[in-house]
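Just so you know, we're using our numbering here: the sequence shown kicks off at 26 and counts up by one. Note that the Cβ used here is the ideal one computed from N, Cα and C, for glycine as well.
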Amino acid sequence: MTINAALTELSALLGDRLSRSKPDLEAHGASETHFAAAPPDAVAYPESTGEVADILRICHAHGCPVIAYGAGTALEGHTSAIAGGISLDLARMNRVLDIRQGDMQAVVQPGLTREELNRELRTTGLFFSVDPGANASIGGMAATRASGTTAVRYGTMRDNIRALEVVMADGRVIRTGSGARKSSSGYDLTGLFLGSEGTLGVITELTVQLHGQPEAISAAVCAFERMEDAVDAVVAVIQIGIPVARIEFVDAESVRAVNAYSGTDLPAKPHIFVEFHGSESAVAEDAERFREVVDEFGAEGIRTATRTEDRTALWTARHHAYWACLGLKPGATAVVTDVCVPISRLAEAIEETRADIAASTIPGPMLGHVGDGNFHAALLIEPGNAAELAEAKRLASRMAERALRMGGTITGEHGIGFGKLAYMEAEHGAAWDVMGEIKRALDPANILNPGKVVRGQ
Ligand SMILES: Cc1cc2nc3c(=O)[nH]c(=O)nc-3n(C[C@H](O)[C@H](O)[C@H](O)COP(=O)(O)OP(=O)(O)OC[C@H]3O[C@@H](n4cnc5c(N)ncnc54)[C@H](O)[C@@H]3O)c2cc1C
26 MTINAALTEL SALLGDRLSR SKPDLEAHGA SETHFAAAPP DAVAYPESTG EVADILRICH
86 AHGCPVIAYG AGTALEGHTS AIAGGISLDL ARMNRVLDIR QGDMQAVVQP GLTREELNRE
146 LRTTGLFFSV DPGANASIGG MAATRASGTT AVRYGTMRDN IRALEVVMAD GRVIRTGSGA
206 RKSSSGYDLT GLFLGSEGTL GVITELTVQL HGQPEAISAA VCAFERMEDA VDAVVAVIQI
266 GIPVARIEFV DAESVRAVNA YSGTDLPAKP HIFVEFHGSE SAVAEDAERF REVVDEFGAE
326 GIRTATRTED RTALWTARHH AYWACLGLKP GATAVVTDVC VPISRLAEAI EETRADIAAS
386 TIPGPMLGHV GDGNFHAALL IEPGNAAELA EAKRLASRMA ERALRMGGTI TGEHGIGFGK
446 LAYMEAEHGA AWDVMGEIKR ALDPANILNP GKVVRGQ
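In structure tokens form, the structure reads like this:
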């Protein structure tokens, strides 16, 4: 068999860094969400770009699928080995190679997690801004074009990656981009690999943009009686141009879940979580303008948090919201949705979604990075319950259709994997065929994460 032939050569190359142990295979075939387990045939642990290149050359010669693996936190079945092959776990390539203080950049290996990078940066006065709810790897975040709570101010991975080193399907090593802030030099290959989900190449090095730690930070939470008032308040804050660093919406059900999971004591009502970065005076002024705007929408009990430990507790609770929501239905798994619409359609999109979920038989707490027009519902289902899964998928597909009808996208940040393939044609039309042509040109043997992002080859 082609996979077996590849495994024999890979085993000679990697020794015990090619694992076929059951726990390893199970861990790499598992999903954070509702997808059935799809374990690989083996897990490879490379330690250098050269080894990644050797692995890809072997797999290319034998037609063996290769699924790049960062921290395994992606939500749409991205790392499932649906065609078998090897999981290429980059966890051992996790070093910070260079911190370029003057350029506010760092050069890192792909397996480094965002929290590890920020720990390394602690004494530099700089930080890496992109913060998905999980402690994802920088390589995985680039490969999914991830974002998080701070994208409204500092941008997504698209805005914070300057250059990449990538190993192509046939083992060639290329470099894209540069340390310069801008360039008009040819096709934007860096942009092409961002969001390619391991289907076009394996990222082995990244130059990331950092930001200066703000002089002052202030966070606040406030409640609203009605969900639509909370969302309208966010839209007003964005349209007026108050420079928020984070602005998150959390519905009443999610607040109940967060209270139970993280020990917070927020009233069980829709909330906005917000944060301001800047000088002491700018932050105070922004917070005051925010207060004036949300007051008009009936905000209640505004609480501010300026002490680091209070802010950390607040944002940790927000980051743990997914696991908190799972706790609303004991033993549940979730179909997690992730649509993004133009800000002018946000209130309408959220209200229609809320009505849909309210009329359904399954719970679906909602929350999101609403400053970007991005929101999620965690549709909670019993594992293995086909009727609940079908209902969750019906709601999810109505959300996707709604986002497209409103001029938005089927995913603001989580990506496609194979969970969202069904909506790609509707969003992209003939452009989806072009994506397939790019895939075939760069990976003619279809070994890189087959079955994801593009139409079946
Ligand atoms: C609780 C929770 C909250 C989340 N919140 C957010 C959020 O706020 N924002 C957000 O954007 N996402 C969020 N996510 C989703 C997830 O964290 C992101 O998609 C993240 O970017 C995945 O990174 P990872 O290291 O886990 O990648 P993995 O899951 O390991 O891989 C993701 C994809 O990238 C590919 N890949 C991984 N490494 C490489 C590489 N070096 N080269 C090429 N391809 C590679 C894989 O093949 C796969 O297709 C959340 C997930 C959870 C569980």
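For Pro64, the distance from the CB to the nearest heavy atom of ligand 1 is not below 6 Å.
Beta bridge pairing from DSSP links Asn399 with Cys365. In the DSSP assignment, Gln130 falls within the unbroken beta strand (DSSP E) covering Gln130 to Val133. In the structure shown, Ala106 falls within a coil segment according to DSSP collapsed to helix, strand and coil. For Val233, the distance from the CB to the nearest heavy atom of ligand 1 is not below 6 Å. Annotation: Glu438 to Ile368 spans about 16 Å, alpha carbon to alpha carbon. Of the other Cβ atoms in all chains shown, 16 or more fall within 10 Å of the Cβ of Thr215; this residue is therefore buried.
Taking 6 Å as the cut-off, one finds at least one heavy atom of ligand 1 near enough to the beta carbon of Pro157. Only residues of its own chain outside the window of five on either side were considered, and among them His302 and Gly303 have a CB closer than 7 Å to the CB of Pro239, listed in chain order. Residues of the same chain with a CB within less than 8 Å of the CB of Arg379, apart from the 5 flanking positions on each side, are Met252, Asp276 and Met391 in chain order.
Gln134 sits away from Thr232, with the two beta carbons spaced by 7 Å or more.
Scanning Thr149, Ile163, Val478 and Gly288 for the CA closest to the CA of Glu140 turns up Ile163. One Cα belongs to Asn284, the other to Tyr347, and the distance between them is close to 13 Å. Looking only at Ala330, Gly409, Leu420 and Leu50, the smallest Cα-Cα distance to Pro388 is reached by Leu420.
When DSSP reads this structure, Thr329 sits in a beta bridge with Ala245.
Checking the DSSP bridge columns, you'll see His296 partnered with Ala248 and Val275. Positions of the beta strand (DSSP E) runs, each at least 3 residues long and wholly inside the region 38 to 114, are given as 67 to 69, 91 to 94 and 111 to 114 in order along the chain.
Listed in chain order, the alpha helix (DSSP H) runs fully inside the region 158 to 243 are 163 to 169, 176 to 179, 182 to 185 and 214 to 218, counting runs of at least 4 residues.
Distance from the C-beta of Glu250 to the nearest heavy atom of ligand 1 is not below 6 Å.
With 16 or more other Cβ atoms inside 10 Å of its own Cβ, Asn474 counts as buried.
According to the DSSP secondary-structure assignment, His302 is paired through a beta bridge with Ile242.
Under the 10 Å beta carbon count, Asp458 is surrounded by fewer than 16 other beta carbons and is classified as exposed. For Val459, the enclosing alpha helix (DSSP H) covers residues Ala455 to Leu467.
At least one heavy atom of ligand 1 is found less than 6 Å from the C-beta of Thr104.
Relative to ligand 1, even the nearest heavy atom lies 6 Å or more away from the CB of Glu76. Ala359 carries a strand assignment under DSSP once its states are collapsed to helix, strand and coil. Judged by DSSP in its simplified three-state form, Arg147 adopts coil rather than helix or strand.
CA-to-CA, the gap between Arg430 and Leu404 works out to about 21 Å.
The region 326 to 336 makes no contact with the region 403 to 417; the number of CB pairs closer than 8 Å stays below 3.
Taking all protein chains shown into account, Ala167 has 16 or more neighbouring C-beta atoms within 10 Å of its C-beta and is therefore buried.
Around the beta carbon of Gly444, 16 or more other beta carbons lie within 10 angstroms, which makes this residue buried. In the structure shown, Val259 adopts helical secondary structure according to DSSP, grouped into three states. With contacts defined by Cβ atoms closer than 7 Å, Ser36 and Pro65 do not form a contacting pair.
The shortest C-alpha to C-alpha distance from Glu373 to any of Gly433, Phe218 and Thr74 is the one to Gly433. Looking from the CA of Ala161, the closest CA among Asp128, Asn119 and Asp123 belongs to Asn119. Between the region 77 to 85 and the region 48 to 56 there are fewer than three inter-stretch CB-CB distances shorter than 8 Å, so the stretches are not counted as touching.
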